[in-house]
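So the sequence shown is residues -21 to -1, 1 to 304, counted in mature numbering (1 follows the signal peptide of the UniProt record, and there is no 0). Built from N, CA and C at the ideal position, the CB exists for glycine as well. A short worksheet on the structure shown next.
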Amino acid sequence: MRCVWWTLAAGALLCLPGGAGLDNGLARTPPMGWLHWERFMCETDCGKNPSGCISEQLFMQMADMMVSNGWLKAGYRYLCIDDCWLATQRDENNRLQADPTRFPGGIKKLADYVHARGLLLGIYQDVGKATCAGYPGSQGFYELDAQTFADWGIDLLKFDGCNYGTLELLEDGYRRMSIALNRTGRNILYSCEWPLYARRLTKINYTEVAEYCNSWRNFDDIEDSWTSLKYVIDFTASLQGELVAAAGPGGWNDPDMLVIGNFGLSWDQEVTQMALWSIMAAPLLMSNDLRDINPRSKALLQDQEVIAINQDPLGVQGYRLLKVI
Ligand code: GLA
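This is the structure we're talking about:
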């Protein structure tokens, strides 16, 4: 519950439902940015697909686009790497390393490039022994990996939940990584998938999730289709009693990426995603190709009136009042 002074003639204290998120000073409004997964997935073959493979070149080009095409100005600040950036092995000191052929400069250099343009860099890891795509996970290395990310200048960690072992390991891992990130002293926004994986085994304690995470996924991966969007929307509504109460400055429900500007949605469906994600106080993480996006989708994603609803400082997540059909 959060309370604000409502400036009526008499002055009144208005209390709204809403949680207190992770108190690390970050994500006071829903994070905005770009994330590679839905559009580029795990394409590692740069020979066959040089412009679409997961490589430093892809992120440098997106960084350039974010600045030159008004995305940063519109509020999209986090440029985020998803799965498949890693080499298949840790180095001789157990430190994570990026795939040397696709990221020859390494992540630190990429972070410098991104920061020089006023953007922030996000990266992906997994609480379990391996990431969902099979690269080395963080289990057993939480403190070391958090320090590595801080040393590289990472600003956001998306922490996935594949290959975790037991529920205890899963939950303990999410807590430990949160503490480890905090101990590095660097501002690293912590984006979790804890409830998505734990829901299969237990009832979610959202108060606790929100104490450790700046955002959290509740539902399966979004795809570039109306069917997928509808699932996410219906699922969110079916759980809204719990979800709406958990969201607030510092911690947000994450219904997954915006797929606007791709192939699968009609114009009306794109408008619907933008409107509902904004009302739901969702992170606005686009997954599309900023080098080649149609002007109408771009204008929709950059619409300042809609973004203002998403970025409202009170951070109250909207909910479904009525279902007509
Ligand atoms: C899981 C996550 C996705 C993406 C992939 C990467 O499925 O939920 O968002 O990160 O893993 O392998």
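Quick check: is any heavy atom of the ligand GLA less than 7 Å from the C-beta of residue 192?
no
Okay, do the stretch 170 to 183 and the stretch 122 to 134 touch, 3+ Cβ pairs below 8 Å being the bar?
no
Only counting the same chain, and skipping five residues up and downstream in sequence, which positions put a Cβ closer than 7 Å to that of residue 211?
198, 201, 234 and 235
Burial state of residue 227, where buried means 16 or more other Cβ atoms lie within 10 Å:
buried
Could you check whether the Cβ of residue 16 sits closer than 7 Å to any heavy atom belonging to the ligand GLA?
yes
Taking 7 Å as the cut-off, is the beta-carbon of residue 172 closer than that to any non-hydrogen atom of the ligand GLA?
For the ligand GLA, at least one heavy atom lies less than 7 Å from the Cβ of residue 172.
Measuring only the C-alpha atoms, how far is residue 149 from residue 104?
13 Å
Apart from the five residues on each side of it in sequence, which residues of its chain come closer than 7 Å, Cβ to Cβ, to residue 24?
32
Quick one: give me the first and last residue of the beta strand (DSSP E) that residue 170 is part of.
168 to 171
Taking C-alpha atoms, which residue in 190, 241 and 26 lies nearest to residue 306?
The displayed coordinates of the chain run from -21 to 304. Any statement about residue 306 would go beyond what the structure contains.
For residue 160 and residue 6, what's the separation of their Cα atoms in angstroms?
15 Å
Could you tell me whether any non-hydrogen atom of the ligand GLA is closer than 7 Å to the CB of residue 169?
no
For residue 223 versus residue 298, is the C-beta distance shorter than 8 Å?
yes
Per DSSP, what kind of secondary structure is residue 64 in: helix, strand or coil?
Residue 64: coil per DSSP, three-state reduction.
Sub-8 Å separation of residue 192 and residue 230 beta-carbons
yes
Proximity of residue 283 and residue 8 at Cβ, strictly below 8 Å:
no
Would you say the beta carbon of residue 111 is closer than 7 Å to some non-hydrogen atom of the ligand GLA?
yes
Would you say residue 103 touches the ligand FMN, meaning its beta carbon is less than 7 Å from a heavy atom?
Summarising the ligand content, the structure contains the ligand GLA and does not contain the ligand FMN.
Cβ of residue 239 within 8 Å of Cβ of residue 265?
If you check the CB distance, residue 239 and residue 265 come in under 8 Å.
Is the stretch 69 to 76 touching the stretch 15 to 23, taking contact as three or more C-beta pairs under 8 Å?
no
Cβ-heavy atom distance between residue 196 and the ligand GLA below 7 Å?
For the ligand GLA, at least one heavy atom lies less than 7 Å from the Cβ of residue 196.
Alpha helix (DSSP H) containing residue 277: first to last residue?
Unbroken alpha helix (DSSP H) run through residue 277: 274 to 280.
Compute the minimum distance between the beta carbon of residue 139 and the heavy atoms of the ligand GLA, and state whether it is under 7 Å.
yes
Identify, in the order they occur along the chain, each residue of the same chain with its Cβ nearer than 6 Å to the Cβ of residue -12, setting aside the five sequence neighbours on each side.
For residue -12, the predicted model reports a pLDDT of 43, less than 50, meaning its position is unreliable; a value from the coordinates is still stated below. For residue -12, same chain residues with a beta-carbon under 6 Å away, outside a window of 5 residues either side, do not exist.
DSSP has residue 59 in a bridge; who is on the other side?
14 and 101
At a cut-off of 7 Å, would you count residue 62 as near the ligand GLA, judging by its Cβ distance to the nearest heavy atom?
yes
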